[in-house]
Structure formats: C-alpha cells, structure tokens
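Protein chains: 2
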Amino acid sequence: MLTHELFMKEAIEEARKAEALREVPIGAVIVWNDEIIGRGHNLRETSMDPLAHAELIAIKEASEYLNAWRLLDCKLYVTLEPCPMCAGAIVQSRVPQVIYGTPDPKAGCAGTLMNLLQEERFNHQVDIVSGVLREECSTMLIQFFRRLRGKS
Amino acid sequence: MLTHELFMKEAIEEARKAEALREVPIGAVIVWNDEIIGRGHNLRETSMDPLAHAELIAIKEASEYLNAWRLLDCKLYVTLEPCPMCAGAIVQSRVPQVIYGTPDPKAGCAGTLMNLLQEERFNHQVDIVSGVLREECSTMLIQFFRRLRGKS
C-alpha cells in the first residue's frame, strides 16, 4: 500500500501538469519492475485530440519502452477511474493491475457504471485497487471544476 | 445504403493494407461532408502498439484534419464491430454515426457483447448501422485466420 501511494503521488504530479494547462487534472503512470516506464496527463483540449487521455498517453509510452503491445507485469496508476475508452485500452494492452484514486460517477468503467476491466467475456481481466489517495485525487478535480464554474 | 457501401469499400481497402502486412485485416474511414478525412488500418503488430486499431488511427487523423476533438457531423465506417477501446473512443470523440460490416462475437461492443455506443448513462449516444458489405468484411477475416492456422 505504501508503494501504491508512492506511485499514485507520481500520477498526481502528472495531473498537476494537466491542471497547469487548464486541462481537467487527471494523471497516470505505468510501473514495471518498480520503475516508471510511461507517464501521461490529460491533454484533450491542448492537443485537440479526443484520444489524449492520461492513460492512453502512458500506455503508448510504456509500449514504446518495452517494444511490445502487451504490457505484461505492469501496473497502471491513475488518479481517476478509467472511462470506457481507457478501460478498453487497458484490456487491449493486457495490463495486469490498475490502481486508481477516485471513482468517476459519470463515466467510470472499472466498477462504477460498469466494470470493463473484469468482464469475463473479454480475453483479459484486470486486478483493481481503488481509493489510493482518493481524497487528494478527488479534491483536485472538485477544485478545478469549482474554479471553472466561478469563471463562467 | 449505396453511399454506405461506397465508403465501406474504402474501409475494406484499408483492411487490405493491414492484410498485406500480415495484420488482422480491419480497416476504417471517417467521412465528413461526403469526404474521407481520416483513414486507418490495424497496425498492432507492425507498430507494437496496443492502441493501433483502425478506428483510433482514423479518429486521430480526422481530429487533426478538423482541428477539434469533437468529430461532429462525421460518420465512421469500419469493417468489424468496434472493441471496447474503440467504442469508447467513438463516444469520446462524439462521432454521431457508426457503420460497421460484420459483428465481432469475441469483443464486439456495439451490440454483440454489449452496446457501449448506445449506453444511456454516457454523455453521448451513437446511431449504428450494421451489416453493410458484411459478407466481404467477414470472409476477409475468416480467410486470414484460416491461412494463419494453416501455417502454424
């Protein structure tokens, strides 16, 4: 659990980079042999790219590092519960374990709206740990949207 | 329907490019104002990238063309029913209509295993047309896997 918190802090650091760009603060890291081999933060608005979610960016980087499309023995840390696209990408890349900070009541597909990571009919199922540094991950998002509403 | 077949033929042409690289033959095109603004074919093995599905490549190209992450007024044609990742990406990019060739009994998430494109709890729902040039899209896959098994 201590290790989980350590790497979730790195994912939060990624989320802060998104926040600095006025993007919704979501960050992810991928860990292999206790080493971070992929990092990503939400860049949807900055890059005008619907695929530029933290998880997808981190998966692409880790996949380039390992020169493989299967991210075997990897752990993916993300501040917010994955959306359907990212949950699907996690299944596609065969990530064995996902650790997330706070649930997403609007689009969460790792247990909240549905659980694509543990769907038995898919050819891969993922171990899930939730709630790691939940408070910090959640507060970051709440404050972001509060500031956004204040401005509009 | 005639138009659907016309653009599905373009998606099949993309799938043939994948086949020529010994990739599973799946292709996609994105159409905006009757013009193709994004094309993609499966490149997972060639690029060692779990995200290199036909639909994601086409979405990225169309999004660059429109300089927007919302693919409004676009149609996505794909030879095989989208997997969870691609269905999620279609929802994320707000594509209004998806036309696919043949269903995927193993991972299809546009009506076969589940229907992520029309999930009411998500913030976007997609119109679906299925079975356009189904026979051709399906035969291409069956022959690919038959050849693969013959070799092993």
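Line by line, the protein sequences are chains R and P. Quick note on numbering: the working numbering labels position 30 of the first sequence as 15, and the sequence is numbered without any gaps. Quick note on numbering: the working numbering labels position 148 of the second sequence as 133, and the sequence is numbered without any gaps. Ideal Cβ placement from N, Cα and C applies to all residues, glycine included.
{"Query": "Tell me, please, which residues DSSP counts as bridged to N52/P.", "Result": "Per DSSP, none; premise fails for N52/P."}
{"Query": "Do we get a CB-CB distance below 8 Å when we pair I11/P with the residues of chain R?", "Result": "no"}
{"Query": "For a test of your reading of the model: does the CB of Y50/P fall under 7 Å from any non-hydrogen atom of the ligand NAP? Yes or no.", "Result": "With respect to the ligand NAP, the structure shown offers nothing to examine, as it has no ligands at all."}
{"Query": "By the 10 Å Cβ neighbour count, where 16 or more other Cβ atoms means buried, how is T124/R classified, buried or exposed?", "Result": "exposed"}
{"Query": "Using a Cβ-Cβ cut-off of 6 Å (strictly less than) and excluding sequence neighbours within five positions of I84/R, which residues of its own chain qualify?", "Result": "H(-11), Y62, V114 and V117"}
{"Query": "Hey, how far is the Cα of L51/P from the Cα of L41/P?", "Result": "15 Å"}
{"Query": "Beta-carbon separation of V14/P and E4/P under 8 Å?", "Result": "no"}
{"Query": "Compare the Cα-Cα distances from I(-3)/R to each of G25/R, D19/R and E20/R and report the closest residue.", "Result": "G25/R"}
{"Query": "Under the rule that 16 or more other beta-carbon atoms within 10 Å means buried, what is D19/R, buried or exposed?", "Result": "exposed"}
{"Query": "Between which two residues does the beta strand (DSSP E) harbouring C59/R extend?", "Result": "C59 to L65"}
{"Query": "Would you call the CB atoms of V68/P and H38/P closer than 8 Å?", "Result": "Reading the sequence as shown, one finds Cys at residue 68/P and not Val. Yes, Cβ-Cβ distance for C68/P and H38/P is below 8 Å."}
{"Query": "Ordered along the chain, which non-local residues of its own chain (more than five positions away) have a Cβ less than 8 Å from that of R7/P?", "Result": "E30"}
{"Query": "Quick check: what's the CA-CA separation for P10/P versus R134/P?", "Result": "15 Å"}
{"Query": "Need the endpoints of the beta strand (DSSP E) that T97/R sits in, please.", "Result": "From DSSP, T97/R is part of no beta strand (DSSP E); its letter is neither H nor E."}
{"Query": "Looking at R119/P: is its Cβ nearer than 8 Å to the Cβ of G86/P?", "Result": "yes"}
{"Query": "From the DSSP output, in three-state form, read off G135/R for me.", "Result": "helix"}
{"Query": "Report the residue from S78/R, T64/R and M70/R whose alpha carbon sits nearest the alpha carbon of D58/R.", "Result": "S78/R"}
{"Query": "Within the 8 Å Cβ cut-off, does W17/R reach chain P?", "Result": "no"}
{"Query": "Look up V80/P in the DSSP assignment and say whether it is helix, strand or coil.", "Result": "coil"}
{"Query": "Helix, strand or coil for I22/P per DSSP?", "Result": "strand"}
{"Query": "Between P81/R, V16/R, F(-8)/R and T64/R, which lies nearest to G93/R when the distance is taken from Cα to Cα?", "Result": "T64/R"}
{"Query": "Please report the straight-line C-alpha distance between Q128/P and Q82/R, rounded to a whole angstrom.", "Result": "35 Å"}
{"Query": "I'd like to know whether the C-beta of P81/R is nearer than 8 Å to at least one C-beta of chain P.", "Result": "no"}
{"Query": "Which residues in the same chain have their Cβ closer than 7 Å to the Cβ of A72/R, if we skip the five residues on either side of it in sequence?", "Result": "C94, A95, L101 and L102"}
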